[in-house]
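Chemist: For the sequence shown, position 2 matches number 2 in full-length UniProt numbering, and the numbering has no gaps at all.
By construction, the Cβ of each residue, glycine as well, lies at the ideal position given by its N, Cα and C atoms.
What follows is a structure written as structure tokens; I'll ask about it next.
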Amino acid sequence: MAEHLVSSDFLQFQTLLASRGWAVLASGEIDADPAVTLRRLGTIVPQYDGRVSFDVTYRPGYDDAPYSQSMNALGAHTEAPGFMPPPKYLALYCHRQARCGNGQTLLADGIRFYDEALSPDLRRWSQNNEVEFVSSATPGDETRSSLRAPIRATVAGEPVLRFSYNLFRYGNVNPDAIEVRRVGDDPSDPLGQIAEEGEAFFSRNLIPVLIPDGCMLVWNNHRLMHGRGRYADQARHLTRYWLS
Ligand SMILES: [Fe+2]
1 MAEHLVSSDF LQFQTLLASR GWAVLASGEI DADPAVTLRR LGTIVPQYDG
51 RVSFDVTYRP GYDDAPYSQS MNALGAHTEA PGFMPPPKYL ALYCHRQARC
101 GNGQTLLADG IRFYDEALSP DLRRWSQNNE VEFVSSATPG DETRSSLRAP
151 IRATVAGEPV LRFSYNLFRY GNVNPDAIEV RRVGDDPSDP LGQIAEEGEA
201 FFSRNLIPVL IPDGCMLVWN NHRLMHGRGR YADQARHLTR YWLS
């Protein structure tokens with residue numbers, strides 16, 4: 001990633017985050033504990049396992065699931081769509097980036113997708129139908145949380161998007177391999193169509209960000225969709241934080 005895309009000034013970083021929806025902070029501006037730096041932006045909130053940080057790195061056991069701790073590609077989504085509200089900001093602190101040439105975090109404007117690119121009949125459908133956002137904490141976990149919510153809401157005058165290719169296609173934000181294989185191909189299923197239109201928009205419009213070692217990417221999770229390409233370096237290691 002070009003050096004000029006990394007903010008070495010916290011104020012510039014905050015300004016970019018507000019105007020563009022994402023920004024990368026240089027290592028020199030990050031405290032030894034990145035959580036200290038992030039508390040300048042908001043409150044850190046617990047994740048699926050109740051902890052305030054989560055290791056995004058390879059762990060054996062998820063090789064056939066589209067899951068953060070596999071090395072597989074992750075389809076377009078917003079984080080924690082089953083949370084009320086979903087985290088406003090998502091942060092990834094990079095301990096060690098993949099050296100295989102892949103491992104980019106992919107970002108695209110999800111509100112622009114919904115408001116401008118989604119087929120009008122599907123937008124109408126989603127205005128009239130809430131979605132059941134079912135999430136296993138990890139693939140295969142029998143304990144599931146569930147929340148009924150609209151795909152696109154407005155809260156305190158600000159847009160909030162909930163989008164999960166996995167949920168819309170496989171019925172679970174964190175599906176296991178069995179759920180991925182069980183997917184039906186009913187062309188009249190509106191959620192399946194929204195998933196495919198969202199993924200197509202995402203692949204046409206995504207910005208790939210390869211976070212440099214020691215730097216931190218933060219984005220607005222109420223506006224942006226994110227995903228990841230498949231990578232091959234097991235040593236890639238990021239720490240994820242959620243902020244309200
Ligand atoms: Fe994610």
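Heavy atom of ligand 1 less than 8 Å from the Cβ of H237, yes or no?
Modeler: No, ligand 1 has no heavy atom inside 8 Å of this Cβ.
Chemist: How about S188: is its Cβ closer than 8 Å to a heavy atom in ligand 1?
Modeler: No, the beta carbon of S188 sits no closer than 8 Å to any heavy atom of ligand 1.
Chemist: Helix, strand or coil for F201 per DSSP?
Modeler: Correct three-state label for F201: helix.
Chemist: Just the residues with CB closer than 6 Å to a heavy atom of ligand 1, in chain order, which are they?
Modeler: Qualifying residues come out as H77, E79, H226.
Chemist: May I have the straight-line CA-CA distance separating S188 from D233, to the nearest angstrom?
Modeler: Going from the Cα of S188 to the Cα of D233 covers about 39 Å.
Chemist: Does the separation of the CB atoms of F13 and E29 fall below 9 Å?
Modeler: For F13 and E29, yes; Cβs fall inside 9 Å.
Chemist: Three-state secondary structure (DSSP) at A117?
Modeler: Of the three classes helix, strand and coil, the one that applies to A117 here is helix, per DSSP.
Chemist: Which residue wins for smallest C-alpha separation from V183, given the options V36, F168, E197?
Modeler: Comparing Cα positions, the closest option is F168.
Chemist: Classify S135 as helix, strand or coil using the three-state DSSP reduction.
Modeler: Of the three classes helix, strand and coil, the one that applies to S135 here is strand, per DSSP.
Chemist: Rounding to the nearest angstrom, what Cα-Cα distance links Q47 and R20 in this structure?
Modeler: For Q47 and R20, the distance between alpha carbons rounds to 25 Å.
Chemist: Where do the N-terminal and C-terminal ends of the alpha helix (DSSP H) with P34 fall, by residue?
Modeler: Here the alpha helix (DSSP H) through P34 covers 34 to 38.
Chemist: Which class does L161 belong to by DSSP, given the choice of helix, strand or coil?
Modeler: DSSP places L161 in strand when its eight states are reduced to three.
Chemist: Jot down the residue ranges of each uninterrupted beta strand (DSSP E) in the region 46 to 114, minimum 3 residues, whole runs only, in chain order.
Modeler: If we require 3 residues or more, the beta strand (DSSP E) runs fully inside the region 46 to 114 come out as 54 to 57, 74 to 77, 89 to 96, 105 to 109.
Chemist: According to DSSP, what are the bridge partners of L147?
Modeler: In the DSSP output, where bridge partners are listed per residue, L147 has F133.
Chemist: Would you be able to state if there are at least three C-beta pairs under 8 Å between the region 105 to 120 and the region 191 to 200?
Modeler: Segments in contact, yes.
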